[in-house]
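Which chain is which? The protein sequence lines are A and B, in order.
Quick note: the first sequence uses this note's numbering, first residue 1, plus one each step.
Quick note: the second sequence uses this note's numbering, first residue 10001, plus one each step.
Backbone N, C-alpha and C fix where the C-beta goes; we use that ideal spot for every residue, glycine too.
Worksheet for the structure shown next.
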Amino acid sequence: MDRLKILKSDEGAACGPSSGASCDSGTGCGCSSPAPETRPEEVPTLELSEVRERLDGARGRRYWKSLEELADTPGFQEMLEREFPRHASEWEDGLSRRRFLQLSSASMALAGLTGCTRQPLESIVPYVQQPEQVVPGRPLYFATAYAKGGYAQGVLAESHTGRPTKIEGNAEHPANPGGGTDLFAQASVLQLYDPDRSGTLTYQNQIRTWDTYKSDLEPKIQALRSLQGEGLRILTGTVTSPTLAAQIQGLMAELPKARWHQYEPAGRHEVHAGAVRAFGEPVEVRYELADADVIVALDADFLTQGPSAVRSAHQWAERRRAGSGAGTGKADPSAMNRLYALESCPTNTGSVADHRLAATPSEIAAFALALAAELGVTGAEAPSEGLSPEARRWVPAVAADLKAHRGRGVVVAGDEAPAAVHVLAHGINDAIGAAGSTVVYSEPVPAEPVDQVASLRELVADLDAGAVDTLFVLGVNPAFDAPADLDFPAALQKAGTRVHLGLYKDETSEYCQWHLPMAHYLESWSDVRSVDGTVSLVQPLIEPLYRGHTIHDVIAHLAGRADASSYQLVREQWSDKLGVDFERAWRRALHDGFIPETALPVKQVTAPPAEAAAEAAAEVRTMIAGDGLEIALRPDPTIWDGSFANNAWLQELPKTATRVTWDNAVLMSPATAAELGVTNLDEAAMFHERPMVSVTVGERSMELPAWVVPGHADGAVTIHYGYGRLRGGKIAEGTGFDTYRLRTSDALRVARGNVERVGGRYEMATTQDHHSMAGRHLVRTGTVGEYAANPELVHEMSHGEHDASFYPGFEYDGYRWGMAVDLNACTGCNACVIACQSENNIPVVGKEQVMRGREMHWIRIDRYFEGEDAHSISAFHHQPVLCQQCEQAPCETVCPVGATVHSDEGLNDMVYNRCVGTRYCSNNCPYKVRRFNFLKYTDKTIEIEKMVRNPDVTVRVRGVMEKCTYCVQRISHARIDAKVAGQRGKGDGKIKDGDVRTACQQACPSNALVFGDTNDPQSEVARRKAEPLDYGLLEELGTRPRTSYLAKLRNPNPELEPVQETGRTEHVSHG
Amino acid sequence: MSVMDKGAAGHHPPPVIVGEHDHGTVTDRISQAVFGKTPRWWFGAMGVAFSIVMLMLMSIGWLFAKGTGVWGLNVPVAWGFAIINFVWWIGIGHAGTLISAILLLFRQEWRTSINRFAEAMTLFAVACAGLFPLLHLGRPWLFYWLLPYPNSMGVWPQFRSPLVWDVFAVSTYATVSLMFWYVGLIPDLATMRDRAKARFARLIYGGLSLGWRGSARHWQNYESVYLLLAGLATPLVLSVHTVVSFDFAVSQVPGWHTTIFPPYFVAGAIYSGFAMVLTLVIPLRALYRLHDFITTRHLQAMAKVMLATGLIVGYGYMVELFVSWYSGNEYEWFMSLNRATGPYWPQWWALILCNVVMVQLLWFKKVRSTPVVLFIISIIVNIGMWLERFVIVVTSLHRDYLPSSWDIYRGTFWDWSLYIGTIGFFLALMFLFIRLLPMISIFEVRTLVPGRKGQAAPSAEGEVAP
């Protein structure tokens, strides 16, 4: 089996050094050599059933003769090469004894034939000349780009001898300032090695080859050409790739009667519609939060969702840190931004808001309208109803705040907010002078911005009318995720020829004759734009593991350029656009990961017309007047629109508000739950079972489990979609509920419907049953004003002296590692959790084990609600908790075999091979950060899954304890590098501040985690720890944690919250 | 036996044995259990116990095949049934040594009738207890890393850990208990040798009796060794459970970290040990008709010890509660409230009922002298002491410092099957013991018999010897 062949450097695709590109920069290395299509001669293969058919009836000498004849055909040889011929299992059913013997003799013969097949000769020899930069044991980093929904993030892929293992953010990329990424980019590397990815090209479930596909389809393509593309339809997701767009547009020009449709299930439909209605054209809206003093988020989780989340989180957090006195140690309320968030379901953005209002989607729309009216947006007239008293109180206060910060305020309408809210937000932003400063408009990033819902409707209409002869579904899965009312699967089958390109054999491939395996982005050449329009180059790090192909390949074949590789196509696209010295510029772009100066120019827009605002106002009134419970349909926080459903890391990642894994549910407030009589929170802390409710939207209805979320708006429920996959991998199938069945094309985001308690219960797995801090000062908070007045605010919350000891402390004369976690910057986005999992080979345990409380994450995000009771949540917090690396570590003294010990650099080391598994350390750890391998969690039998593991980190066996190491492998690498550099006369042989970045720190978009040497007073971590906000979690226990937290400061509007005596707040009283 | 001299007692309690007995009848009656026909109930009981042993072996097999994940453990409750059962069994094992050694030193001659039996119980309980620390390891095949043996890596156990102290405490206790029991058996083994008819039995008993001939020199050596061993075993009664309590007290877990643990654990251990002796002795006495040797005086004495230790245990609970409030430590006080009102409130209240309330019945002489009631109370106390360990281990861990990590622990099928399996193992060993060895010390009981043949010992409580 050579399909896992790792490219040797001279084969080209994986990278450049040997082909002569010289890269001096330490971090990235561009790839410049062409990727020749060196695919083996592919032949039609035989199926076992066919072999059986051909042997059937033959007896005696004839039997053996036909076997021999068969053995000579290339198809048979091909079949033998495969380890498990398809349908091998079919042999089991109903065999007579005679037939059995016949078959066994044939099997023996076949086995013999296999045994006699000469294996291809492969030479394993050491390098005669070591390729430059390839040092065994040292990873290389290649710049590439990861795109979700068409929008790119710049990433660096870490490659160990040709095997990508980890995704890091590319700090030089404009979409990733600070070098963070979102959690999807982090998890994307697991998808590459997913054993469930489709590995074979099939025609009606029979295996074919790429060549047969091309030749079989050729007559069809000729016919389509002669008809100018009549009956040809292409369906893709949002396309921002200039190369792909040029290819498709070129094809459409050649075949004018063909049509190109786009549909992204969790796409930015409302943003698009809002822009069109406000400005008459689909401009791209981008926020520049570095200059924003006041931010109003309308149903917008802009810090963790949407194409600019990483960038926004970074800009927001910088202002947060500045205001909390980062660097100076003195609070500056004027430097801190103020965030108002209105949302129905608690989100990450809500958790860091200075003022958070739980409001139903219609109330948020009403608020937008009232705010627009208050700020004098022409055409907006304040709604007479639909606002709670609290929201009413907010309107003048928020308006005044925005007015006071003219040109430095911004209203952000979320991707999930209805178009009317977007129109109003555009109006407000114009009125408060935000347009052009904190809100920037540009040409659209998608190459062909269309109303995707209309586009899909059109396609379905054409399909229903029988006007579609050939349909290409490329990289999307509409049979699963298209709006339910369109009944896409039924329509799909009306097309004559159906071709599906996808990473998985999914619901759509079920209905298509042809299924083509798609190449993962780490296996592909392409280009893609990020939110500001900057073009990033996507380069492969490994030859397609499953012989997948890119969309470029499929379109190229359609366009009659079947032999053009993606690499050639991308190069051609840029050949005349990179200036005179193309090669040099190309290499530079590959090295840097993006093509400079490709950002889309800023566009001046005029204020939205009064009619648009009036129309929006009318719509808002209709929304308010609607009947029934508001049902918000949202993409899932971890598996998104369902396309990540087979990613076990994301499945097991606890979701922001609920800490639920592996499932979706109907999320509702405690009050709504009480009304429906479904559940209570105390019970929830004890049992995994949740009551079922039936949700009815129009004539569609389904049963789902109910989940109570403190802080959810009353009178609305939130349902995430993406679960309930029928096909698409062992992990995806059978988890959660397919809520796309409730989503119709006219109510993609919010529907009105009915929720009722029905019988039955359903087990769900959560990693945190408890909602409050039980009155403990775990997340310390205060307001920035209080802190400015009293810098000792945070320390006064401590319980007395806690460093007291009879014994002198250990003298650290070298490094003394430590970490500071800034709760002002942390949004709880979970990117660090996945980054840690990827870096440290942390296993996934599955839903059943999570229910038993055995999740393995080394870093977790604790979530606490704050308020008088579960019904009135005033705020909620996130707190990343990893090993605190205590100076006086309780775990160390109780281990009977010394498997956990202190290093002379202050690390609390875990010695896996000494651990016998008494688990006493875990019991004695007050932070409960230790994780135990209760069972054999790491599957070492699946070859391909081994490839994703970091070779620098031990894979733990059953029965040993594990925990965060502060990425000790990275410290070791840095130490070696520093020593080597020192010996060569560069530097003093010491690790410099910033040389070691832990995986969680690297991934953090908002720079909330900082690691370094606390012995160096100039290090970032030492400076953070010196701030008066710094405190140790449970420091009163005398553990002297080495990980410390900077208390979270709020910057409330005095009009909404009169200054109180104390910054302390009471906590939810229930358990 | 001078220490056993009946005349040593100043006042006149009821006699230790009743009925008309001389040396011969004592020997006959006791050795009859071994040499007589195997009673039918024995086969049934042994069959049941043996099948439970099979359940235990299956549980261990499954545990080894899959890992500790077959149990209900999680983070934060990383210790569960295995540790609960370990502490429970070790506690039960305390009564034997206490009866043998401490009561010997205190010249409590009523111990004579039950010491053999109690010592055997100790050994079997320690055998059951000893299984758990090994089985509860994540990688049990590496258990020997807890032992300080010289090795090429130069690695030693980490002596600050109470788990290492445990290894020493439990293994010393097991060794001394075994020696004490065996030494005490030697004269009786010789009796068995002399009375055995089958050649094989003569050989085995003969080998085990180490050539005992009952000479004065033998008796003298025997007495001094036995006394020395008693002296050695006495501090162990206190030290083992003290060290076991350190497993908890040394940690910083609220509900574990408390200085009252050593005395209160020892008292609890004796409490449960005596309860278990009663649980076993009352039915055996009836089955083998040993009312002459194990009289109500014995039962009463044991009930009194139970009452005393039960009161100490109750006091321990009170002090624990008081200190958690008085200390002003929010985590401690939360823990106390959580025990009484949290998810495990039924277990906590059941524990109070079993261990504190029910034992008050023993104030009544009528209760103390009614074997059936005593038997029921002893079972209740056994359950209560198991619940006490459950409450200590589970409720302390399941909600400690960070509410984000709080979770619920439930034993799985395999938790229960191993626990029940060890009870079967214990009983199976017990049944073998009573079938193969004299369950009451023959030679020591003989010293209690009035010297002259034919003179009946006064009857206590009107009991009539069969």
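The shortest CA-to-CA distance from A/A713 to any of A/T347, A/K166 and A/Q186 is the one to A/T347. Closest by C-alpha distance to B/N10085, out of B/A10127, B/A10120, B/M10054 and B/P10076, is B/A10127.
Distance from the Cα of A/D1016 is smallest, within the candidate group A/R408, A/Y815 and A/H557, for A/Y815. At a cut-off of 8 Å, the C-beta of A/S922 has a neighbouring C-beta in chain B. For A/E866, the closest C-alpha among the options A/I167, A/V352, A/E288 and A/L251 is that of A/V352. For B/F10106, the secondary structure class from DSSP, reduced to helix, strand or coil, is coil. Between A/A341 and A/A397, the beta carbon gap of about 14 Å keeps them out of contact (Cβ cut-off 8 Å).
As a beta-bridge residue in DSSP terms, A/A747 pairs with A/T744. The Cβ atoms of A/S1006 and A/T827 lie closer than 8 Å to each other. Proximity of B/Y10326 to chain A, defined by a Cβ-Cβ separation below 8 Å, is not satisfied. Going by DSSP, A/D464 is part of the alpha helix (DSSP H) stretching over Q452 to D464.
A/A372 sits close to A/A380, with the two beta carbons spaced by under 8 Å. Within chain B, the residues placing a beta-carbon under 7 Å from that of A/S772 are P10403, ordered along the chain.
Burial check for B/W10041: the Cβ neighbour count within 10 Å stays below 16, so the residue is exposed. One Cα belongs to B/F10293, the other to B/V10016, and the distance between them is close to 7 Å. According to the DSSP assignment, A/K403 belongs to no beta strand (DSSP E) but to the alpha helix (DSSP H) extending over P389 to A404. Considered as a whole, the region 607-633 of chain A harbours 610-625 as its complete alpha helix (DSSP H) runs of no fewer than 4 residues, in chain order. Contact with chain B is absent for A/R588, since none of that chain's Cβ atoms lies less than 8 Å from the residue's Cβ. Its Cα nearest to that of A/T349, the residue A/H878 stands out among A/N923, A/H878, A/A1026 and A/Q885.
For A/E583, the number of other beta carbons within 10 angstroms of its own is below 16, and it is reported as exposed.
Distances from the alpha-carbon of A/A1003 to those of A/A171, A/A788, A/Q1018 and A/P136 put A/A171 closest. Residue state for A/H500 is assigned as strand, using DSSP reduced to three classes.
Linking A/V894 to A/R919 through their CA atoms gives a straight-line distance of about 10 Å. For B/V10170, the three-state secondary structure derived from DSSP is helix. It is roughly 11 Å from the alpha-carbon of A/T744 to the alpha-carbon of A/P265. Note on A/D576: under 16 other CB atoms within 10 angstroms of its CB, so exposed under the neighbour-count rule. Sixteen is the threshold: when 16 or more other Cβ atoms of the shown chains lie within 10 Å of the Cβ of A/I991, as they do, the residue is buried. Secondary structure note for A/D862: its beta strand (DSSP E) is the uninterrupted segment R860 to D869.
In the structure shown, B/D10028 adopts helical secondary structure according to DSSP, grouped into three states. Per DSSP, A/G150 lies in no alpha helix (DSSP H) segment and is marked neither H nor E.
Going by DSSP, A/S312 is part of no beta strand (DSSP E) but of the alpha helix (DSSP H) stretching over A309 to G323. The contact set of B/N10085 on chain A, defined by CB atoms closer than 8 Å, is empty, because the minimum CB distance reaches about 16 Å. By the rule that beta-carbons nearer than 8 Å mark a contact, B/S10161 touches chain A. The alpha carbon of B/S10161 has as its nearest neighbour, out of A/C891, A/Y912 and A/D1013, the alpha carbon of A/C891. For the alpha helix (DSSP H) assignment, the uninterrupted runs of no fewer than 4 residues enclosed by the region 157-222 of chain A are, from N- to C-terminal side, 183-192. Three or more Cβ pairs closer than 8 Å define a contact, and the region 252-267 of chain A meets that threshold against the region 222-233 of chain A.
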